[in-house]
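First the structure, in the form of structure tokens, and then the observations on it.
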Amino acid sequence: MGALSAGLITELAFAASDWSSVETQVLTLFEQHIGGDTLFFADERGPSDATRGVLVDYLAEVRPLWPSFSLELYPMAMAAQQRGGVLVDSDVFGTTMRAMAHYQQVMAPVRGRTTLIGALTHRGQLLQKVAIGRCWGSRDFRDADVSALREVIGALSLARAAFMAPPPQNRGQQPPEQRHEFGLTAREQEVVSYLRLGYTNRDIAQALGTSVKTVRNQLSVAYSKLGVANRAEAVGLLSAKFS
């Protein structure tokens, strides 16, 4: 895998057939480029199966307890959302974190010390969070670690939202006739795929790691190739043809 970037996250998501495989690949990237003793995705039900690090078995054991921690963990995720999608829990919650049931029952028994949290959100809704934990004896998270996660959290959020939406086609198995239909380039097809999911130009730019102006220009070219005048006509045409 290449360097950690929003573009790489988007490429992984488009090539994957399910969200679990995206989680696995993303955690591998985070382990390589950020580093942590435990890495996992979680929602209100608990950690997903794509867990890496020293707590894999332990997290599976405490998964049934996870819903009881939701009142503590939700504010953390919301605080992350307000800070560009990312925070280090010990920096924000300090010593109060040590009194939380989640810390006492999950982190403390395995010498967990601090966690870098990323909130996957879309249009104000919390979809999931990703956590990179470090134990006592490991170094503190640096500004570069926080920046690295913040750089990709937007693309990761959009990818998660895309997998939760009804897919316009099977991911990773794009029909050849659609790929070449209308003469769209690979990037134009990418942009149009997001368009069909209802994403704004800003959403698409964030997912692809480019500017809103670039997306606007790419859509203009795509509209011309599709023979339509605007977004609504493009979505209607493609939905009818490839539904």
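The working numbering puts the first residue of the sequence shown at 89, with every later residue one more than the last. Glycine included, C-beta positions come from ideal geometry on N, C-alpha and C.
Item: Residue 226 - DSSP class collapsed to helix/strand/coil; Value: coil
Item: Bounding residues of the alpha helix (DSSP H) (the contiguous stretch that carries residue 251); Value: 231–252
Item: Whether residue 138 touches residue 112 by CB criterion (8 Å); Value: yes
Item: Reference residue 127; option with closest CA among 274, 118, 134; Value: 118
Item: Reduced DSSP category for residue 292 - H, G, I as helix; E, B as strand; rest coil; Value: helix
Item: Strand pairing of residue 126, partner residues [DSSP]; Value: 141, 221
Item: CA nearest to the CA of residue 199, picked from 123, 317, 226, 219; Value: 226
Item: Whether residue 171 touches residue 201 by CB criterion (8 Å); Value: no
Item: Beta-carbon proximity list for residue 147, same chain, < 7 Å, skipping 5 on both sides; Value: 128, 135, 139
Item: Per-residue DSSP class, three states only, for residue 299; Value: coil
Item: C-alpha distance - residue 310 paired with residue 141, whole-angstrom precision; Value: 44 Å
Item: Any alpha helix (DSSP H) of 4 or more consecutive residues that is wholly inside the stretch 158–203; Value: 158–170, 177–181
Item: Same chain only: Cβ atoms within 8 Å of residue 293, ignoring 5 sequence neighbours per side; Value: 299, 300, 302, 303
Item: CA nearest to the CA of residue 114, picked from 166, 276, 237; Value: 237
Item: First through last residue of the alpha helix (DSSP H) which encompasses residue 273; Value: No alpha helix (DSSP H) holds residue 273; DSSP gives it neither H nor E.
Item: Beta-carbon proximity check, residue 252 vs residue 205, cutoff 8 Å; Value: no
Item: Close Cβ partners of residue 210 (< 6 Å) along its chain, the five nearest in sequence each way excluded; Value: 245, 249
Item: Straight-line gap, residue 149 to residue 175 (C-alpha atoms, nearest Å); Value: 26 Å
Item: Check whether residue 280 and residue 322 have beta carbons under 8 Å apart; Value: yes
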